[in-house]
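Written out below as structure tokens is the structure these notes cover.
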Amino acid sequence: MSEQTTAPTPIGDVLTIGVPVSDQDRALEFYLDRLGFEKRRDVPVPQFGGRWIEVAPAGASVSIALVPAREDTPAGVQTGIRLKTGDAAAAHAELQERGVEVGELLRWPGVPAMFALRDQDGNSLEIVEAAR
């Protein structure tokens with residue numbers, strides 16, 4: 001195996017992850033009211049076909065951008081986003097009470113407890129319990 005050197009990168013961090021939504025107002029309501037996120041940015045961008053909206057849990061360093069769905073980026077996808085919680089069972093129960101579509105609470109040996117949830121468009125996100 002040859003030794004490789006890594007070139008420095010001008011990229012410093014992950015800022016936001018886009019999630020395609022069919023209705024930005026409805027999505028914003030879901031992420032704020034049902035998930036309890038905060039709105040970080042909401043700016044009209046006519047060239048984009050909607051607004052640039054960023055939401056996130058309070059104190060999170062990475063946000064979710066609620067971007068307008070298009071033919072090449074449809075809503076209703078497995079986002080791959082994993083959100084952190086201190087207690088998966090409590091988060092599961094609370095989100096279910098708020099009317100969020102949640103999946104089964106999964107507990108496997110050696111793996112953090114987790115469950116899936118779906119937003120108003122069927123986009124899937126995972127909630128994963130952080131190690132204490």
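Here the sequence shown is numbered in the numbering used here, starting from 1 and rising by one per residue.
Each residue gets a CB set at the ideal place from its N, CA and C atoms; glycine is no exception.
Limits of the beta strand (DSSP E) - the one that Leu83 falls within: Gln78 to Thr85
Chain-order list of residues whose beta-carbon lies under 8 Å from that of Leu28 (same chain, five-residue window excluded): The answer, listed in chain order, is Lys39, Asp42, Ile53, Val55 and Leu66.
Whether Ala134 touches Glu126 by CB criterion (8 Å): Limits of the chain in this structure are 1 at one end and 132 at the other, which puts residue 134 out of reach.
One or two residues paired with Ile53 in a DSSP bridge: Asp42.
Residues near Arg118 in its chain [Cβ-Cβ closer than 7 Å; skip 5 each side]: Glu101 and Ser124
Euclidean distance between Cα positions of Val19 and Phe37: 15 Å
Whole-Å CB distance - Ile17 paired with Ile81, under 8 Å assumed: Indeed they touch by this definition, with Cβ atoms about 6 Å apart.
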